[in-house]
Amino acid sequence: MTEVVESAQNPVILRASKRSIQSVNREWWRTAVIYQVYPRSFADGDGDGVGDLPGIASRLDALQELGIDAIWLSPFYTSPQRDGGYDVADYCDVDPLFGTLADFDALLHESHARGMRVIADIVPNHSSDRHPWFEAALASPPGSAERARYLFREGLGIDGELPPNNWPSHFGGPAWTRIVEADGTPGQWYLHLFDSSQPDFDWTNAEVREEFRSILRFWLDRGVDGFRVDVASSLVKAEGLPDRDYTLHEDLAPCTGQPGVHEIYRDWRALLDEYPGDRVLVAESWIKPLTRRAEWVRPDEMHQAFNDLFDDWDAPKLRGIIDDTISAFSAVGAPSTWVASNHDTVRQATRLSLPRSVRPNGLGPDSTGIPAYDETLPRARALALLTLSLPGAAYVYQGEELGLPEVADIPDEARQDPTFLRTEGEQYGRDGCRVPLPWVADAPSYGFGPTDASWLPQPAIWARLARDRQQNVADSTLTLYQDAIALRRSRTLGAGTLEWLPAHPSHVLAFRNGTTTVLINMGGEAVRLPAGEVLLASSPTQADTLEPDTAVWMHA
Ligand code: GLC
Numbered sequence: 006m007t008e009v010v011e012s013a014q015n016p017v018i019l020r021a022s023k024r025s026i027q028s029v030n031r032e033w034w035r036t037a038v039i040y041q042v043y044p045r046s047f048a049d050g051d052g053d054g055v056g057d058l059p060g061i062a063s064r065l066d067a068l069q070e071l072g073i074d075a076i077w078l079s080p081f082y083t084s085p086q087r088d089g090g091y092d093v094a095d096y097c098d099v100d101p102l103f104g105t106l107a108d109f110d111a112l113l114h115e116s117h118a119r120g121m122r123v124i125a126d127i128v129p130n131h132s133s134d135r136h137p138w139f140e141a142a143l144a145s146p147p148g149s150a151e152r153a154r155y156l157f158r159e160g161l162g163i164d165g166e167l168p169p170n171n172w173p174s175h176f177g178g179p180a181w182t183r184i185v186e187a188d189g190t191p192g193q194w195y196l197h198l199f200d201s202s203q204p205d206f207d208w209t210n211a212e213v214r215e216e217f218r219s220i221l222r223f224w225l226d227r228g229v230d231g232f233r234v235d236v237a238s239s240l241v242k243a244e245g246l247p248d249r250d251y252t253l254h255e256d257l258a259p260c261t262g263q264p265g266v267h268e269i270y271r272d273w274r275a276l277l278d279e280y281p282g283d284r285v286l287v288a289e290s291w292i293k294p295l296t297r298r299a300e301w302v303r304p305d306e307m308h309q310a311f312n313d314l315f316d317d318w319d320a321p322k323l324r325g326i327i328d329d330t331i332s333a334f335s336a337v338g339a340p341s342t343w344v345a346s347n348h349d350t351v352r353q354a355t356r357l358s359l360p361r362s363v364r365p366n367g368l369g370p371d372s373t374g375i376p377a378y379d380e381t382l383p384r385a386r387a388l389a390l391l392t393l394s395l396p397g398a399a400y401v402y403q404g405e406e407l408g409l410p411e412v413a414d415i416p417d418e419a420r421q422d423p424t425f426l427r428t429e430g431e432q433y434g435r436d437g438c439r440v441p442l443p444w445v446a447d448a449p450s451y452g453f454g455p456t457d458a459s460w461l462p463q464p465a466i467w468a469r470l471a472r473d474r475q476q477n478v479a480d481s482t483l484t485l486y487q488d489a490i491a492l493r494r495s496r497t498l499g500a501g502t503l504e505w506l507p508a509h510p511s512h513v514l515a516f517r518n519g520t521t522t523v524l525i526n527m528g529g530e531a532v533r534l535p536a537g538e539v540l541l542a543s544s545p546t547q548a549d550t551l552e553p554d555t556a557v558w559m560h561a
């Protein structure tokens with residue numbers, strides 16, 4: 006059993022069953038390794054082919070063995086699942102697909118008992134069109150209080166037949182849908198920055214603000230350790246919803262990065278600070294430049310904001326992202342927060358080797374230029390050592406610790422990402438990184454659940470990559486992650502500082518973090534390693550040589 010004892014003085018003392026008594030820095034989130042669970046695809050407890058909360062609870066030992074500090078759970082709320090649960094119909098309940106509130110409480114308790122915190126995902130930009138508020142809005146007349154919680158507007162054109170402005174949906178097509186009024190006539194339009202099943206709230210409405218305060222309290226009272234805030238930069242739109250000027254960069258669009266959004270998070274921060282236990286707010290914001298993104302993590306706002314993903318296998322480019330992130334976030338006293346992959350990106354074992362010219366939103370059976378798995382895995386492993394060696398916090402997306410590749414071979418009829426549907430198949434979307442995980446090579450659904458069912462088809466390579474095939478295998482990707490996370494902890498890399506080392510070719514990143522030297526070779530030629538003890542290598546190393554697509558940690 007774990008006991009969390011908060012004494013009069015800091016720090017919190019955490020007694021965990023497997024970890025010896027240790028003191029945990031109060032600002033745990035500054036250096037934490039946080040593991041993203043996408044509940045639909047992690048583990049299926051009841052055999053219906055969709056992952057669920059009891060499934061996650063049954064696999065907590067594996068996460069504890071990995072050595073992570075916290076779990077971020079993608080949405081598990083009541084939802085028609087038009088966007089994998091990012092379309093919420095009831096923010097204060099668990100969808101029966103995933104279990105019950107009691108299952109959630111048990112999962113939280115069991116995670117805490119293992120010394121792992123739990124961050125929920127809150128979706129404040131939009132609800133589902135099946136949310137009772139949106140249903141009430143549809144049943145109420147234009148100008149009503151019910152409609153005022155969302156962004157309903159009259160259309161343009163002679164009969165209002167044109168959308169109110171030129172904003173596009175992130176999933177393809179226009180960001181507006183016209184409704185049919187109660188009397189059967191074509192009526193107002195409502196805004197949805199994502200799917201038409203995801204109407205945007207009007208955050209100038211006090212009722213919306215109050216509702217989200219009570220949603221935060223609902224989960225904080227149950228004991229969650231914080232929230233990852235979905236689409237955190239778009240809640241407030243420019244007054245009057247003006248047309249977007251396409252000559253300006255997307256980051257200057259009137260539907261994102263409006264100054265008024267910060268007031269919301271200051272309010273939320275004050276609310277979280279009323280609770281004991283160092284709870285956190287994590288911004289999903291892709292606003293650029295990073296100096297602007299850092300506004301989300303000023304001392305009285307959120308705690309973390311994700312960095313820019315490392316998409317290109319290009320050392321100078323990565324170095325630029327690392328420098329810009331550290332300098333922008335440290336200027337406001339916030340940690341850098343490194344994310345290599347998530348449920349919206351092509352998995353890193355595939356992404357990092359795609360030709361530069363190909364930057365698709367998802368891959369499909371007819372996508373070209375996908376390299377063979379064994380050629381691409383080394384880059385994913387090297388990137389893992391890079392992200393886990395940087396000062397700050399790090400996120401690991403489920404399945405990356407197994408080195409899973411993107412699954413391109415998904416038949417059209419199995420695809421569920423609204424992007425695929427809204428672009429009529431032009432973009433494959435994100436299903437390929439959401440295929441249910443392989444746990445046991447020789448079991449139905451590769452151990453994902455007790456039956457053969459899996460909401461997306463699992464590829465044959467899952468047998469080779471299943472967790473049981475990698476456990477206690479010296480050169481497996483799972484072992485690499487376990488070793489890296491353990492070393493990162495013992496060498497306090499998260500709390501360190503980065504110092505670039507001179508005299509390396511430009512395709513090599515080389516830096517020191519405390520007593521650890523990190524080198525990563527992103528070029529085509531091997532380079533000489535400096536003298537010293539290699540602590541960990543992402544691929545086998547020959548004596549004093551750093552091969553291409555390889556990272557090493559050395560004792561400095
Ligand atoms: C975020 C989520 C993504 C979702 C979108 C709309 O970007 O990460 O999965 O589709 O928001 O909620």
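Per our numbering, the very first residue in the sequence shown carries number 6; after that it's consecutive. Virtual Cβ for every residue (Gly too), placed ideally from N, Cα, C. All values derive from a computational prediction rather than experimental measurement.
- Going by C-alpha positions, Thr546 is about 11 angstroms away from Asp554.
- A Cβ-Cβ separation of about 5 angstroms places Leu112 in contact with Ala62 under the 8 angstroms criterion.
- Just so you know, the alpha carbons of Thr355 and Gly404 end up roughly 13 angstroms apart.
- Here DSSP, grouped into helix, strand and coil, assigns Val213 to helix.
- Between the ligand GLC and the CB of Phe199, the shortest heavy atom gap is smaller than 7 angstroms.
- Taking the C-beta atoms as reference points, Val285 is found no nearer than 8 angstroms to Asp226.
- Under the three-state reduction of DSSP, Cys260 is assigned to coil, being neither helix nor strand.
- In this chain, Arg352 is not harboured by any alpha helix (DSSP H), its DSSP state being neither H nor E.
- In terms of side-chain proximity, the C-beta atom of Tyr155 is found no nearer than 7 angstroms to any non-hydrogen atom of the ligand GLC.
- Annotation for Asp256 indicates a beta carbon at 7 angstroms or more from all heavy atoms of the ligand GLC.
- With the rule of 3 Cβ pairs closer than 8 angstroms, the stretch 215–222 counts as touching the stretch 262–281.
- Not one heavy atom of the ligand GLC lies closer than 7 angstroms to the C-beta of Tyr96.
- Annotation: the continuous alpha helix (DSSP H) that includes Arg324 extends over 320–336.
- Between the alpha carbons of Ser290 and Ala118 lies a distance of about 31 angstroms.
- Note on Val440: 16 or more other CB atoms within 10 angstroms of its CB, so buried under the neighbour-count rule.
- Gln476 sits exposed, since fewer than 16 C-beta atoms from the chains shown fall within 10 Å of its C-beta.
- Residue pairing by DSSP leaves Met527 without any beta bridge partner.
- Residue environment for Ala37: buried (at least 16 other C-beta atoms within 10 angstroms of its C-beta).
- Across the structure, Ser495 and Trp34 are spaced so that their CA atoms are roughly 17 angstroms apart.
- By alpha-carbon distance to Ala508, the top candidate from Glu552, Gly397, Pro410, Arg533 is Arg533.
- Residue pairing by DSSP leaves Ala471 without any beta bridge partner.
- Going by C-alpha positions, Asn518 is about 19 angstroms away from Ala345.
- About 5 angstroms separates the Cβ atoms of Ala48 and Arg64, confirming a contact at the 8 angstroms cut-off.
- Judged by DSSP in its simplified three-state form, Gln69 adopts helix.
- For the 8 angstroms CB-CB criterion, Asp447 and Gly434 do not form a contact.
- Closest option to Pro410, judged by alpha-carbon separation, among Ala399, Leu390, His348, Gly397: His348.
- Note: Pro191 is bridge-paired with Val185 in the DSSP secondary-structure output.
- Your pair Ser358 and Thr381 checks out as a contact, with CB atoms roughly 4 angstroms apart and the cut at 8 angstroms.
- The beta carbons of Asp436 and Leu407 sit no closer together than 8 angstroms.
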